[in-house]
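The structure appears right after this line, and notes come after that.
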Amino acid sequence: MEKEQQDRKKFNEYLEAMRETYSEQVVDTLSSMDHNVLDLDLTAELLRYISLQKPEGAILVFLQGWDQISKLHDKLTSQTLFSEERFIIIPLHSMMPTINQRHVFEHPPPGVRKIIIATNIAETSITIDDVVYVVNLGRVKETNFDVANNIRTMKAEWVSKASAHQRRGRAGRVQDGECFHVYSQLKASEMVEYQLPEIKRTPLEELCLNIKTLKLGSVHPFISKAMETPDIRAIQLAISSLKQMRAFDDNEDLTALGYHLSRLPVEPRIGKMMLFGAMFCCLDPILTIAASLSWKDPFYIPLGKERLADERRRVLSNNTRSDHLMLANAMSGWEDAKEHRGEGSYCWQNFMSSNILSMLSKMKGQFCDVLHRLRFVSNRSPKHIDANRNSENEQLVKAVLCAGLYPKVAHVDKVPFNRKTGQNRPPRLSTPEDGRVQIHPKSVNANETTFSSKWLLYHLKLKSTSVFLHDTTMVEPYPLIFCGGKISWDDDQGHETVFVDDHIKFHCSQETAHLVIKLREELDRVMEQKITNPGPTNWSPASHEGRVMRAIIDILVMQSRDTYDNDDQGFVHSARGNNRHGGNDDDDDDDCYDDEAGEAGGGRQYGRSGNRYNNDDRPGSSHWRPDSHRRRIQGNPQQGFWTQK
Numbered sequence: 001m002e003k004e005q006q007d008r009k010k011f012n013e014y015l016e017a018m019r020e021t022y023s024e025q026v027v028d029t030l031s032s033m034d035h036n037v038l039d040l041d042l043t044a045e046l047l048r049y050i051s052l053q054k055p056e057g058a059i060l061v062f063l064q065g066w067d068q069i070s071k072l073h074d075k076l077t078s079q080t081l082f083s084e085e086r087f088i089i090i091p092l093h094s095m096m097p098t099i100n101q102r103h104v105f106e107h108p109p110p111g112v113r114k115i116i117i118a119t120n121i122a123e124t125s126i127t128i129d130d131v132v133y134v135v136n137l138g139r140v141k142e143t144n145f146d147v148a149n150n151i152r153t154m155k156a157e158w159v160s161k162a163s164a165h166q167r168r169g170r171a172g173r174v175q176d177g178e179c180f181h182v183y184s185q186l187k188a189s190e191m192v193e194y195q196l197p198e199i200k201r202t203p204l205e206e207l208c209l210n211i212k213t214l215k216l217g218s219v220h221p222f223i224s225k226a227m228e229t230p231d232i233r234a235i236q237l238a239i240s241s242l243k244q245m246r247a248f249d250d251n252e253d254l255t256a257l258g259y260h261l262s263r264l265p266v267e268p269r270i271g272k273m274m275l276f277g278a279m280f281c282c283l284d285p286i287l288t289i290a291a292s293l294s295w296k297d298p299f300y301i302p303l304g305k306e307r308l309a310d311e312r313r314r315v316l317s318n319n320t321r322s323d324h325l326m327l328a329n330a331m332s333g334w335e336d337a338k339e340h341r342g343e344g345s346y347c348w349q350n351f352m353s354s355n356i357l358s359m360l361s362k363m364k365g366q367f368c369d370v371l372h373r374l375r376f377v378s379n380r381s382p383k384h385i386d387a388n389r390n391s392e393n394e395q396l397v398k399a400v401l402c403a404g405l406y407p408k409v410a411h412v413d414k415v416p417f418n419r420k421t422g423q424n425r426p427p428r429l430s431t432p433e434d435g436r437v438q439i440h441p442k443s444v445n446a447n448e449t450t451f452s453s454k455w456l457l458y459h460l461k462l463k464s465t466s467v468f469l470h471d472t473t474m475v476e477p478y479p480l481i482f483c484g485g486k487i488s489w490d491d492d493q494g495h496e497t498v499f500v501d502d503h504i505k506f507h508c509s510q511e512t513a514h515l516v517i518k519l520r521e522e523l524d525r526v527m528e529q530k531i532t533n534p535g536p537t538n539w540s541p542a543s544h545e546g547r548v549m550r551a552i553i554d555i556l557v558m559q560s561r562d563t564y565d566n567d568d569q570g571f572v573h574s575a576r577g578n579n580r581h582g583g584n585d586d587d588d589d590d591d592c593y594d595d596e597a598g599e600a601g602g603g604r605q606y607g608r609s610g611n612r613y614n615n616d617d618r619p620g621s622s623h624w625r626p627d628s629h630r631r632r633i634q635g636n637p638q639q640g641f642w643t644q645k
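Just so you know, the UniProt record's numbering puts 572 at position 572 of the sequence shown, and the rest follows in order with no gaps.
Following this line, the structure appears as structure tokens:
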């Protein structure tokens with residue numbers, strides 16, 4: 001309250017000083033101006049003034065994001081003054097098609113003025129030599145890290161003085177220019193000198209991992225020597241995260257997994273996903289997903305065709321309920337289109353950038369080369385047959401995603417029913433740390449109203465107007481149980497409740513719980529051995545690791561009615577009883593599945609003692625089915641061993 005009073009007093013003094021230079025009308029306008037609201041009407045009026053009163057020259061307008069660019073574009077094109085005969089109005093955003101971005105650098109014909117409406121991409125990344133006028137609204141969408149709530153945030157912030165200076169410098173690169181700042185001098189004086197350093201606005205897992213890899217001592221004492229020291233809570237969160245994914249041990253020392261993750265040029269969770277993709281031999285789709293999550297997806301925003309672009313992404317998802325598998329399908333389709341010389345048509349039809357797809361393809365090759373040097377794969381090609389024998393298996397690919405992304409899991413709490421339309425509405429979701437969250441409108445699951453499972457994985461969670469999950473994948477319970485956190489169980493009158501990290505629960509029969517606990521223990525041992533001694537997976541029936549991993553795959557894809565109760569699963573918010581059993585502490589081999597007969601759980605066959613599986617042999621397995629000469633992961637809402645009631 002005291003700060004607000006001080007700001008108001010300072011602003012009133014500023015207005016009084018302005019009366020000596022400017023008219024009452026100007027001062028009154030400034031007094032009623034809300035700097036927290038972007039005034040696009042004032043911006044359009046300023047552009048009108050420049051267009052009518054100033055000599056020829058391109059105009060560069062700096063806005064904070066796509067929504068504002070789209071609104072200003074519509075506002076200008078609806079006015080007679082800004083007709084196509086006299087003006088070329090070009091939106092410039094990182095999500096725009098490359099062909100639109102090229103128009104930015106082209107000089108218009110005589111008598112035609114160019115107006116570029118851009119984000120801060122035009123601040124330092126590019127130079128447009130015919131810009132004479134800059135209109136700076138002084139805002140930028142910036143990603144930060146909320147340490148208190150352990151979440152990334154994205155909101156509009158005032159630019160720094162350094163950024164405002166950069167924007168002013170975009171005017172008149174080859175001749176005299178002018179810059180119009182659409183905010184007061186008082187606001188300009190209050191701006192920070194420079195943007196907050198990255199070490200203070202991003203998670204620190206990669207930094208902590210590198211400190212231990214380079215043997216620079218304990219993490220916190222080393223980081224405390226930095227010129228700009230991050231919040232100690234951010235350091236603690238990073239260390240806790242690395243321990244959870246087993247990159248650090250309890251003493252904060254580097255594990256074998258941590259060593260391998262430090263060698264991969266991606267964030268640790270994506271690196272773990274890549275290692276599991278190599279070990280489970282579904283490498284190609286996983287590398288596509290890893291490359292896209294590490295850099296950017298290949299889709300652009302077509303102005304005025306946003307809904308059509310959303311529909312194309314849903315088509316590419318092919319009923320998998322997954323943004324991540326959609327990316328794999330998109331890349332696979334592009335690769336097939338290239339072979340048939342249909343690359344341009346494919347990209348145009350699906351609103352994709354061929355340049356970004358080419359870069360993602362190169363990144364996949366680089367990732368595979370690193371995995372080869374670490375001895376996890378036998379060949380440098382992401383498409384080598386030995387590394388992709390299970391790449392058509394949708395449920396396995398989702399399980400590998402879970403191995404990397406966990407504990408980034410949301411629960412579908414409810415699918416509301418609209419009585420007026422007689423249809424379901426988009427689902428209500430929650431996470432343990434955030435409560436209510438929403439699926440971002442760009443996700444293929446944003447408008448889905450039916451889910452065969454109540455669990456969604458995600459990679460990017462951002463808090464803006466709400467907490468949004470930007471990319472999601474629906475998963476059945478088994479990927480969470482086999483590839484998630486530590487598991488345990490409770491006895492419950494002849495049935496079992498299986499817990500993952502104490503806060504995710506599933507109900508099932510004792511028989512099923514016993515089986516999955518034992519298989520998880522076996523899988524953990526196999527994974528630890530493979531991480532410690534890397535090498536391509538031996539899928540021979542005579543190999544213990546092959547039998548264990550094939551048993552896991554069989555369960556992931558097998559259909560059964562011996563299931564959990566769909567209405568009695570979710571996040572746990574209260575303490576449990578005393579009947580809990582630890583799921584990862586039993587090192588004996590009793591009661592485990594029989595390696596030779598492959599039998600457990602009342603005679604169900606999950607292992608094989610004979611011939612090698614083909615995909616067609618696997619019950620319920622899914623394929624990259626040809627569709628218009630494209631291979632895709634084929635979705636099946638009814639697939640999975642734990643089915644819904």
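Just so it is clear, CB atoms sit at the ideal spot from N, CA and C, and this is done for glycine as well.
In this text the structure is predicted, and so the values were computed from the model without any measurement.
Suppose contacts are defined by Cβ-Cβ distances below 8 Å. Is residue i in contact with residue j by that definition?
{"i": "Val412", "j": "Pro432", "result": "no"}
{"i": "Ser163", "j": "Val140", "result": "yes"}
{"i": "Leu556", "j": "Pro477", "result": "no"}
{"i": "Leu242", "j": "Leu209", "result": "yes"}
{"i": "Leu457", "j": "Val437", "result": "no"}
{"i": "Ile50", "j": "Leu92", "result": "no"}
{"i": "Met352", "j": "Ala330", "result": "yes"}
{"i": "Glu528", "j": "Thr537", "result": "no"}
{"i": "Phe367", "j": "Ala247", "result": "no"}
{"i": "Leu360", "j": "Ser430", "result": "no"}
{"i": "His495", "j": "His507", "result": "yes"}
{"i": "Ile128", "j": "Ile116", "result": "yes"}
{"i": "Gly138", "j": "Val159", "result": "yes"}
{"i": "Lys254", "j": "Thr288", "result": "With the sequence shown as reference, residue 254 is identified as Leu, and Lys is not the correct amino acid for it. Contact: no."}
{"i": "Phe482", "j": "Trp489", "result": "no"}
{"i": "Leu30", "j": "Leu15", "result": "yes"}
{"i": "Arg321", "j": "Asn424", "result": "no"}
Any idea what DSSP makes of residue i, helix, strand or coil?
{"i": "Ile301", "result": "coil"}
{"i": "Gly65", "result": "coil"}
{"i": "Leu214", "result": "coil"}
{"i": "Trp158", "result": "strand"}
{"i": "Pro407", "result": "coil"}
{"i": "Ala58", "result": "strand"}
{"i": "His103", "result": "helix"}
{"i": "Asp34", "result": "coil"}
{"i": "Glu599", "result": "Per-residue confidence for Glu599 stands at a pLDDT of 31, beneath the threshold of 50, marking its modelled position as unreliable; no derived number is given."}
{"i": "His503", "result": "coil"}
{"i": "Arg307", "result": "helix"}
{"i": "Gln244", "result": "helix"}
{"i": "Ala148", "result": "coil"}
{"i": "Arg113", "result": "strand"}
{"i": "Asp413", "result": "strand"}
{"i": "residue 646", "result": "Residue 646 lies beyond the residue range present for the chain, which begins at 1 and ends at 645; the question has no answer from this structure."}
{"i": "Leu81", "result": "coil"}
Roughly how far, in whole angstroms, is the beta-carbon of residue i from the beta-carbon of residue j, given that I think they are within contact range, below 8 Å?
{"i": "Lys155", "j": "Ser464", "result": "6 Å"}
{"i": "Thr473", "j": "Ile439", "result": "So it is not a contact: roughly 11 Å between Cβ atoms."}
{"i": "Val370", "j": "Arg263", "result": "6 Å"}
{"i": "Thr77", "j": "Val61", "result": "Not really, about 14 Å apart at Cβ, beyond 8 Å."}
{"i": "Phe276", "j": "Ala403", "result": "4 Å"}
{"i": "Ile356", "j": "Pro298", "result": "4 Å"}
For residue i, which residues does DSSP report across the bridge?
{"i": "His514", "result": "Paired residue(s): none; His514 is not in a bridge."}
{"i": "Glu496", "result": "Asp491, Cys508"}
{"i": "Val475", "result": "Trp455"}
{"i": "Cys179", "result": "Val134"}
{"i": "Gly435", "result": "Thr431"}
{"i": "Gln423", "result": "Asn418"}
{"i": "Met352", "result": "Phe299"}
{"i": "Val467", "result": "Lys463"}
{"i": "Ala118", "result": "Phe62, Leu92"}
- Message: Below 8 Å, how does it come out for the region 188-205 and the region 39-57: are there three or more Cβ pairs, yes or no?
- Response: no
- Message: Does the region 177-197 come into contact with the region 132-150, if we say contact requires no fewer than three beta-carbon pairs (one atom in each stretch) closer than 8 Å?
- Response: yes
- Sufficient close CB pairs (3 or more, under 8 Å) joining the region 528-540 to the region 513-520: no
- Looking at C-beta atoms only, is the number of pairs between the region 391-405 and the region 281-299 that lie closer than 8 Å three or more? yes
- Between the region 39-50 and the region 69-87, are three or more C-beta pairs nearer than 8 Å? yes
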